[in-house]
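Written below as structure tokens is the structure these notes are about.
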Amino acid sequence: WLTDRDRSLHTESCLSELKLELETAQQQGGVVSDCLRSASALAADQEHERVVVAQVNATLAESKEQAATAARARAAELAQVQEQLAASEAREVETMARAERAREEARASGEELDRLRHEAAAAQQEVAAARGTA
Numbered sequence: 172w173l174t175d176r177d178r179s180l181h182t183e184s185c186l187s188e189l190k191l192e193l194e195t196a197q198q199q200g201g202v203v204s205d206c207l208r209s210a211s212a213l214a215a216d217q218e219h220e221r222v223v224v225a226q227v228n229a230t231l232a233e234s235k236e237q238a239a240t241a242a243r244a245r246a247a248e249l250a251q252v253q254e255q256l257a258a259s260e261a262r263e264v265e266t267m268a269r270a271e272r273a274r275e276e277a278r279a280s281g282e283e284l285d286r287l288r289h290e291a292a293a294a295q296q297e298v299a300a301a302r303g304t305a
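Under my numbering, read the sequence shown as residues 172 to 305, first letter to last.
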């Protein structure tokens, strides 16, 4: 049988062991709490990252759409300018052809005028010769 002193020593020893186990459990609980806080912070960071990535993707999609719209508008403008240029070139070719025809007509008219002047001069010479012989 145990004496009171032995029981008291045994109780103190058990209390010391319980205190150590309690301290160990508190330390482990602190570690677990730290891990839970870290996990919670990591989850929040991941959620924030997911939101940021979604926003970036939405912005990129919007930018792509705006760029595509601008490109289509620019292509339409270029097509219109090309049509206007083609029409201007066609008018220029027609104007040049009319100018060439006008030059041809002027040259023919000049030749006709020269021929008529030559005939008039010949007629004047005939008239002068006829007057001289008359």
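Every residue gets a Cβ at the ideal spot worked out from N, C-alpha and C, and that includes glycine. Predicted, not measured: the structure shown is a model, and the values here were computed from it.
(message) I'd like the span of the alpha helix (DSSP H) that includes Thr182, first residue to last.
(response) 175–304
(request) Grab me the residues of Ala292's own chain with a C-beta within less than 8 Å of its C-beta, minus the 5 sequence neighbours each way, in chain order. (result) none
(request) Note down the Cα distance separating Ala301 from Ala279, rounded to an integer number of angstroms. (result) 32 Å
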